[in-house]
Amino acid sequence: DETFWFDELNEKQKPLDIYNYAEAASEAHMMGAKPVNKVSYMTKVKEEYYETIQKELKLAYTQENIYDEEEEEITESDDSIDLLLGKKKKKKGNKRKKGRNPTKDEIYEKYSIVNIAGSVIPTFNPSFRIWEYNISGINEETSINQNYQPWDEFFADLEVKIDNELSSSDPNENSMNIMKGKKGGKKKPDKTIPRRKPSEYPLGPAYVEQLFSPTKFIEYYADLDQINKDYLSLLQDGKDKNRAADEAFKFQVEYTSDDKPYSMKSLLVKDFLNVAVELCDDSTEWTTFLDRAFISSGYSDD
Amino acid sequence: NIRTNSHRKLHGRFLHITDIHPDRFYEENASIDNLCHPDNEQSKHQNNRGKDQLSSLAPRFGKAMSGCDAPVDLMEYTLKWINETLRDHIDFVIWTGDNIRHDNDRQIPRTESQIFEMNEIVSGKFRDIFENKRTADPRDFDIEIVPSLGNNDVFPHNMFSLGPTLQTREMFKIWDVFIPQEQRRWFDRGVTYLKEVIPGKLAVISINTLYLYKANPLVDNCNSKKEPGYQLLLWLGYTLEELRQRNMKVWLSGHVPPILKNFDKSCYDKFTLWTHEYRDIIVGGVYGHMNMDHFIPIDGEQARRDLETLE
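Given below as structure tokens:
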């Protein structure tokens with residue numbers, strides 16, 4: 018029986034799953050240790066994410082430039098405005114279909130940004146962030162719609178909906194039945210996969226400047242070496258521990274999102290993607306980016 | 012605030028703070044090699060070596076890149092600085108977890124009660140700073156706080172199952188004043204909730220990312236209804252749709268960042284796709300865990316292609 022149990026367990030846990038879990042668990046453990054290989058990690062981020070975006074956006078730019086040139090040629094060679102517009106439209110349509118590469122606006126739209134923060138624990142220096150966001154016109158927005166059901170009713174209904182959903186057949190079981198050739202009927206849609214955004218909903222504050230769009234951030238940090246030095250020096254000057262601590266301890270601005278060398282005028286998705294491209298193109302900017310990632314601690318992989 | 016019928020001025024700013032990791036065993040002048048924990052013989056020996064050895068001793072406010080957790084003083088002075096300098100200039104606080112030391116000292120392994128206790132202490136400090144001191148209502152805050160669960164806030168670390176469990180109940184007790192009352196039942200199941208930080212207009216969703224996290228041994232994927240991640244994504248979908256219907260915007264927040272390195276692939280693809288398809292209302296996502304300040308763009312169209320291929 019024991020052998021059977023073990024075989025079954027092995028079958029369930031493929032080696033790859035175990036490896037994935039072990040790797041993730043080891044990485045989680047390392048979070049509490051001295052930082053190692055963090056420059057390598059950041060280089061991977063650059064190679065796997067930023068450089069992909071760089072390639073996509075450069076292709077889109079090139080394509081759009083070719084486009085503009087074609088349009089200019091048409092303008093120069095034709096006198097008839099009606100004909101010109103007709104030709105332009107035709108050319109534009111053909112090019113878009115033929116190229117199949119997304120435009121830069123389409124690229125901006127398919128991405129979301131995961132903002133990963135510096136910590137208070139001094140893995141590097143302690144830090145936190147203040148985000149600023151657009152509140153202009155907040156009072157002009159339509160007042161709160163009272164017609165919606167109160168949140169308590171919504172969440173009570175939601176629990177019932179989820180329980181009903183969970184008690185119906187499993188999408189995986191359906192797939193298994195189909196694979197095994199059993200009659201399982203039509204596979205139910207997996208409700209954890211969203212439908213495409215209906216086109217009538219405009220892009221939100223992450224993509225187009227509007228109410229609640231993030232506009233700027235301020236990264237604060239505590240220079241621990243300096244603080245500890247100042248503290249000891251104040252103690253030597255005869256101050257008591259509490260007073261010395263009060264005077265020595267302070268956070269200061271490490272940088273803001275609009276600081277050079279890769280200043281961001283706003284914090285829309287396109288601004289982050291453009292910074293990603295800049296970081297690939299400019300080694301000085303990348304060095305600054307790394308310094309900020311490690312909260313001005315001077316960390317390197319050596 | 013509809014509940015308290017009070018008004019406050021908006022500043023257009025919020026604070027995101029994460030991974031405080033206060034360590035009550037951190038001791039000034041203990042050996043850094045001993046994780047800044049007291050080791051009587053070693054500490055005595057090193058203290059006798061004189062000032063030239065000061066660099067290997069734990070300073071009062073912590074040492075960057077030493078591998079030590081945060082001294083309690085670092086937490087205290089950080090929150091004090093925030094209270095004195097920023098409190099009156101922000102609208103809400105997103106606080107993304109890990110409020111207890113790492114489990115990295117074999118001589119003093121963490122216990123479940125220590126984890127709850129420290130979480131309670133830190134939670135109390137946030138409450139003290141941001142509560143409305145002019146009222147006796149413990150749920151009335153000048154500045155709303157939205158905490159989320161870190162992988163070190165659970166015992167054993169990384170491991171967290173679907174509730175109701177002792178741990179989900181404890182977390183509810185600790186965060187009682189931060190969690191909207193109508194969501195306590197769901198919180199007890201999933202430690203995920205929604206908070207309106209500007210009523211009727213802007214919300215923050217606190218996501219229990221441990222249900223999507225590769226390093227949680229109780230998570231296999233997000234495809235089966237038995238999986239906690241599947242249930243979380245169901246909740247997320249319905250909730251995002253409700254926010255869309257109400258014409259509200261929302262920030263996503265959580266401890267473990269939703270990137271491929273951290274999330275199970277099916278959980279990553281589905282989560283990324285929700286983020287993408289609700290791009291009309293999602294303002295952004297803020298996370299902690301990795302201790303490094305950076306950003307990662309995630310591709311919603313790629314996530315859909317990968318899911319369709321799998322299908």
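In the order they appear, the protein sequences are chains U and P. For the first sequence, our numbering gives the first residue as 18, with consecutive numbering after it. For the second sequence, our numbering gives the first residue as 12, with consecutive numbering after it. Every residue, glycine too, gets a C-beta built ideally from N, C-alpha and C. Bear in mind that the values here come from a model prediction, so they are computed numbers and not experimental data.
| Asked | Found |
| --- | --- |
| Can you pull the chain U residues whose beta carbon is under 9 Å from the beta carbon of D30/P, in chain order? | M48, A134, G135, S136, V137, I138 and T140 |
| Beta-carbon of Y279/U versus every beta-carbon of chain P: anything under 7 Å? | no |
| Against chain P, with Cβ distances strictly below 7 Å, would E68/U count as a contact? | no |
| By the criterion of Cβ-Cβ separation under 9 Å, what are the contact partners of L220/U in chain P? | R290 and D291 |
| For Y88/P, which residues in chain U fall below 7 Å Cβ to Cβ? | A262 and F266 |
| Note down, one range per segment and in chain order, each beta strand (DSSP E) of at least 3 residues found wholly within the segment 69 to 132 of chain P. | 103 to 106 |
| Using a Cβ-Cβ distance under 7 Å, would K51/U count as near chain P? | yes |
| Could you say if the segment 107 to 121 of chain P and the segment 19 to 35 of chain P meet the contact criterion of at least three C-beta pairs nearer than 8 Å? | yes |
| For a contact meaning CB atoms closer than 7 Å, what does Q194/P contact in chain U? | F172 |
| As a quick exercise: from G265/P, I292/P and K225/P, pick the residue whose alpha carbon is nearest that of Q256/P. | I292/P |
| How many whole angstroms separate the CB atoms of N132/U and Y298/P, which I take to be in contact at a CB cut-off of 8 Å? | 7 Å |
| Helix, strand or coil: how does DSSP classify Y248/U here? | helix |
| At a Cβ threshold of 7 Å, is L307/U touching chain P? | no |
| Would V202/P count as contacting chain U if we go by Cβ distances under 7 Å? | no |
| Classify Y279/U as helix, strand or coil using the three-state DSSP reduction. | coil |
| For N151/U versus T232/U, is the C-beta spacing smaller than 7 Å? | yes |
| Can you list, in chain order, the residues of the segment 71 to 82 of chain U whose Cβ is nearer than 7 Å to any Cβ on chain P? | none |
| How big is the Cα-Cα spacing for R117/P and K277/U? | 45 Å |
| Report yes or no: do the segment 302 to 310 of chain U and the segment 242 to 249 of chain U share at least 3 C-beta pairs separated by less than 8 Å? | no |
| If you compare alpha carbons, which of D99/P, D310/P, F274/P and G23/P is closest to W148/U? | G23/P |
| Identify, in the order they occur along the chain, each residue of the same chain with its Cβ nearer than 6 Å to the Cβ of W14/U, setting aside the five sequence neighbours on each side. | The question about residue 14/U has no answer here: the residues shown for chain U are numbered 18 through 319. |
| Quick check: the Cα distance between R195/P and F183/P, rounded to an integer number of angstroms? | 8 Å |
| Taking DSSP as the reference, what is the three-state secondary structure of T179/P? | helix |
| So, using beta-carbon positions, are D199/P and P167/P closer together than 7 Å? | no |
| Within its chain, find whatever has a CB closer than 7 Å to the CB of V277/P; leave out the 5 residues flanking it on each side and keep chain order. | Note on identity: in this sequence residue 277/P is Ser, with Val being the wrong assignment. The residues are N232, C233 and N234. |
| Given a cut-off of 7 Å on the beta-carbon distance, is the pair L284/P and P222/U in contact? | no |
| Do you know whose CA, among G161/P, M259/P, F282/P and G295/P, lies nearest L221/P's CA? | G161/P |
| Is the Cβ of G311/P closer than 7 Å to any Cβ of chain U? | yes |
| Spatial neighbours of Q166/U within its chain, please: C-beta separation below 6 Å, excluding the five flanking residues on both sides. | none |
| Could you tell me if S230/U is buried or exposed, where buried requires 16 or more neighbouring beta carbons within 10 angstroms of its beta carbon? | buried |
| Quick check: the Cα distance between S153/U and N258/P, rounded to an integer number of angstroms? | 17 Å |
| Counting only runs that start and end within the segment 169 to 239 of chain P, where is the alpha helix (DSSP H) found for 4 or more residues in a row? | 177 to 186 and 195 to 201 |
| Return no unless some Cβ of chain P is closer than 7 Å to the Cβ of I244/U. | yes |
| Name the DSSP bridge partner or partners of Q256/P? | The partner list for Q256/P (beta bridge, DSSP) is empty, contrary to what the question assumes. |
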